[in-house]
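Report on the following structure.
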C-alpha cells in the first residue's frame, strides 16, 4: 500500500486489475465477490474445517440477522463535493492507522491453511493492517509478534478458568510487544454449534489452536507430565480450563489492574454492559456477537451499535460481526464505530492462497472502502455520522 494516505487507492486498484485482465486475458486470481470467495474457500477446506469456520450457533439465525441489520441502514450519497483526494486514516488509542480496519481474532487458523496465523501476520505486515491475535492460535503469540514486526498488534484473551493462565497470557503479550489486550466476554462457554456437533468435531482435540497453552508455564504447571509426553491429557486439560462461566464484573476490574496496556472488551451488545465495562476500567468496547457463533436468535451486532456508542460517550467503540464490504464499514463508522474488525473474509482468502489470499482480500476491501466513501460524497471518516444514513427499521423499533 502507498505511503501517501491521500492516494486515490480505489481507482488505482481498479486500473491494475483491469489492466492485468486485459494483458493476461485472465480474470483476477482471487475472487472479488464475497459469495464466490466463500464458495471457493469452502471447497478448498476439509469438510470439518469449512463447517467450523462458516458455522454459527443453533439454526444460525444470528448470522443471518447480522447481515439483515446492515440492510436496515441505507447510505444517502451526496454529489459535487470534490472527492478527488481522500484521507482514510484514523487515530485509535494514540496510534494512527492508515485504515479503520483491523483483522479480527480468529482461532485455529491452521485448519484453514498450514501457515495459519503466521501467513495472516505476514499479510497484515505487508499491508500495514493491525492484527488481533486469538488466544486459540496455532502458533504462539511470540512467533506471530515476530512476523508482525512494527505492525500494530493486539492480543485477544480468552479468560481461562485458571487465573494464573490468564495472568501469564497477559504478561507474555506485554513482553512480546502487543499494543493492547482484547478480552472476550461472550465465550464463558462454547455455543451450541450444530455443524460441529453433527460431525463430532472440535479442532482443539486434534491439537490445533493450542500453541499458546502448551507453551505456557502456568498451563504446564497443571500437568503431571509435559504435553510432549502425553498430548491427550494436555488437550483434555485445555478443554477443562478454556472458559470460566463464574466470572463477574469484579473480575474485570481485577484484570484491569494487571496491565498498563489498553484493555478492550469484546462481545458487548447491551448499553448497560458497555457502560459497566467502562466503569470497571475498560478503555474500549468491541460491539460483537462473535460472528453469530454463540447465541442463536441474538440481535444483529449492528442493531446494538448505536446504543453502545451513546452509552459510553468518548470511549472508543469498534465493531465486529458481519462486515463483508466497504459499504458495511461506512455504515458502521457512520453509526459511531471508530474502526471495524474483518473476520471471515480474510479467513477465506487464507484458505485459498495463504498470505497472498489474505493480501488480496485486504487490497480489495481497501479499494471498495475508498470508493464507497468517495461516491457517498465524503473524503474522510471524520465526516461520517448518522445523518448520512437513512433508517429503514420498522417504526417503533429502538436500539437496545
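Numbering (the UniProt record's numbering), first residue to last: 1 to 400.
Note that beta-carbon positions come from the ideal geometry of N, C-alpha and C, so glycine has one too.
Quantities reported herein were computed from a predicted structural model and do not represent experimental measurements.
Cutoff 6 angstroms; reference residue 28; Cβ partners in own chain excluding five residues on either side: 17
Residue 393 versus residue 144 - alpha carbon distance: 42 angstroms
C-beta atoms of residue 192 and residue 244 nearer than 7 angstroms: no
Whole-Å CB distance - residue 365 paired with residue 101, under 8 angstroms assumed: 7 angstroms
Residue from 370, 361 and 323 with nearest C-alpha to residue 85: 370
Identity of the residues DSSP links to residue 101 by a beta bridge: 340
Cut-off 7 angstroms between Cβ atoms - residues of its own chain near residue 165, not counting five sequence neighbours on either side: 216, 218, 219 and 241
Nearest to residue 162 (by Cα), restricted to the options 138, 341, 352 and 239: 239
Closest residue to residue 156 among 177, 184 and 117 (Cα-Cα distance): 184
Spatially closest choice to residue 303 from 19, 66, 11 and 56, by CA coordinates: 66
Helix, strand or coil at residue 389 according to DSSP, with G and I counted as helix: strand
7 angstroms Cβ cutoff, residue 168 in contact with chain B: Any reference to chain B falls outside this structure, which holds one protein chain only.
Inter-stretch contact at 8 angstroms, needing at least 3 Cβ pairs: the region 34-53 / the region 335-352: yes
Counted within 10 angstroms of its Cβ, other Cβ atoms place residue 249 as buried (16 or more) or exposed: exposed
Contact test: residue 90 Cβ vs the ligand ADP heavy atom, cutoff 6 angstroms: This structure does not include the ligand ADP; it has no bound ligands of any sort.
6 angstroms CB neighbourhood of residue 2 in its chain, flanking five on each side removed: Per-residue confidence for residue 2 stands at a pLDDT of 48, beneath the threshold of 50, marking its modelled position as unreliable; the derived number appears in the next sentence. Hits under 6 angstroms: none found.
Counted within 10 angstroms of its Cβ, other Cβ atoms place residue 63 as buried (16 or more) or exposed: buried
Terminal residues of the alpha helix (DSSP H) in which residue 307 lies: 301-312
Euclidean distance between Cα positions of residue 439 and residue 124: The shown model of the chain, from 1 to 400, leaves out residue 439, and the question about it has no answer.
First through last residue of the beta strand (DSSP E) which encompasses residue 197: Taken as a continuous stretch (DSSP letters only), residue 197 belongs to no beta strand (DSSP E), being part of the alpha helix (DSSP H) at 194-199.
Inter-stretch contact at 8 angstroms, needing at least 3 Cβ pairs: the region 199-213 / the region 69-87: no
Buried or exposed (CB count within 10 angstroms, at least 16 for buried), residue 409: The chain is shown from 1 up to 400; residue 409 falls before or after that span and cannot be answered.
For residue 210, the nearest candidate out of 116, 50 and 360 (CA to CA): 116
Beta-carbon proximity check, residue 256 vs residue 232, cutoff 7 angstroms: no
Check whether residue 326 and residue 372 have beta carbons under 7 angstroms apart: yes
Helix, strand or coil at residue 158 [DSSP, three-state]: strand
Burial state of residue 421, where buried means 16 or more other Cβ atoms lie within 10 Å: No statement about residue 421 is possible, as the shown extent of the chain runs from 1 to 400 and does not include it.
Coarse secondary structure for residue 70, derived from DSSP in three states: helix
Beta carbon of residue 258 nearer than 7 angstroms to that of residue 167: yes
Assigned secondary structure, residue 1 (DSSP; H/G/I helix, E/B strand, else coil): Here the model assigns residue 1 a pLDDT of 47, short of 50, so the residue's position is not dependable, and the following value carries that caveat. It is coil, neither helix nor strand.
Assigned secondary structure, residue 326 (DSSP; H/G/I helix, E/B strand, else coil): helix
Per-residue DSSP class, three states only, for residue 317: strand
Pairwise C-alpha distance: residue 149 and residue 179: 12 angstroms
Option in 146, 197 and 378 with minimal Cα separation from residue 55: 197
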